[in-house]
Every structure is written in structure tokens, then in C-alpha cells.
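Trainee: Below is the structure I would like to discuss, written out as C-alpha cells.
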């Protein structure tokens, strides 16, 4: 499908869709060639192909949380990452609501907190992109599973019902490897 930021009726959307479809066909052909190499071991094969993360549409402009934390007198490091930022250092959770553009947060341990804004909010630098990553809303991935191993059908069924998230794959792969 064309990106949401492109009107569905425009010729630009049609061109984007055609390019995306052509790229999908090329990717499918390359993947088919790679899978063919496992034909002799197909019954023992599990192939998992994952994208790194999803993107979400963003609005022009980005908030500089590093500057905002300094202006509040907070002595923390801010690592901007698209639609989220990592705050490193001791910070009172009550201070998070004072930060501009911050909608929610998740403590990650060791004085690290992930913060993100509402849909469309960017932090750090506006790179002029229509979409970005970072917030938990972008944790889903494109996934392809293939092979003749008995686990493949269950994996395929699992991802056909819902988009997988990045966190879920480590345990799946560890289980397949017997860890």
C-alpha cells in the first residue's frame, strides 16, 4: 500500500505503489533463490527473515529534549532516536511530565528511561523524513518464515494473525536452538 502521507487518489501514490510492488517482487525472487539452496535439508530448515522495525508518520519539526532537560536544570544525557529519546541518569518520574512533547515513558533500568511523544512527534533533528522509528508504536516488524521443519507452520500461523514485535523473536529463536 502507498504510505498514509500520500493521498490514495494521486498519481504520486500510484507511482509509489508501483515501485513498492516492484521491490517486493524482486525481494521475493531473491528470497526464493536463497531458500532453494536448502532443498536437500528442507525438513530440518527454519528460515526467519525480519525487518529491523516499523516506521510511523511524523510531522515536520523536532523537539530538542536535551535543551529542554538543561533548561529544567536536569543533569542527564539525552539520546534522541526519531520518535523517542533515551534519558540516561537519575530522573524523578514526576519531571517527565514537564518535558515538552513527552506523552509516556518506560523505565529500562540502570538509570535509563525511554520517552516518546504522541503520534507524529519527533525528537532531536528533523531529517525531513515522512516516517521515523523509536517509539513503542514502531516495534512491529515485517516477518517471513519458511522451511520444512515442524515449527514453521506454527510460526507462520502466529505471524499471520498479528504483526510480530522485535522483542518476541529472541525467545522464539532461542527455543528453536534449544537454549
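Residue numbers (our numbering): 1 to 179. Glycine residues also receive a C-beta, built at the ideal position from the N, C-alpha and C atoms. Fair warning: this is a prediction, and the values are worked out from it, not measured in the lab.
If you draw a straight line from the alpha carbon of residue 89 to that of residue 110, how long is it in whole angstroms?
Mentor: Approximately 8 Å between the Cα atoms of the pair.
Trainee: If you draw a straight line from the alpha carbon of residue 132 to that of residue 177, how long is it in whole angstroms?
Mentor: The straight-line gap from Cα to Cα measures roughly 33 Å.
Trainee: Does residue 56 come out as helix, strand or coil in the three-state DSSP assignment?
Mentor: Here residue 56 sits in strand by DSSP.
Trainee: Grouping DSSP H, G and I as helix and E and B as strand, with all else coil, what is residue 169?
Mentor: Helix at residue 169.
Trainee: Taking the alpha helix (DSSP H) that residue 69 falls in, what are its first and last residues?
Mentor: First-last of the alpha helix (DSSP H) with residue 69: 65-71.
Trainee: I need the straight-line Cα distance from residue 14 to residue 85, nearest angstrom please.
Mentor: Cα to Cα, the separation comes out at about 34 Å.
Trainee: Taking only three categories from DSSP, how would you classify residue 141?
Mentor: Reduced to three states, the DSSP call for residue 141 is coil.
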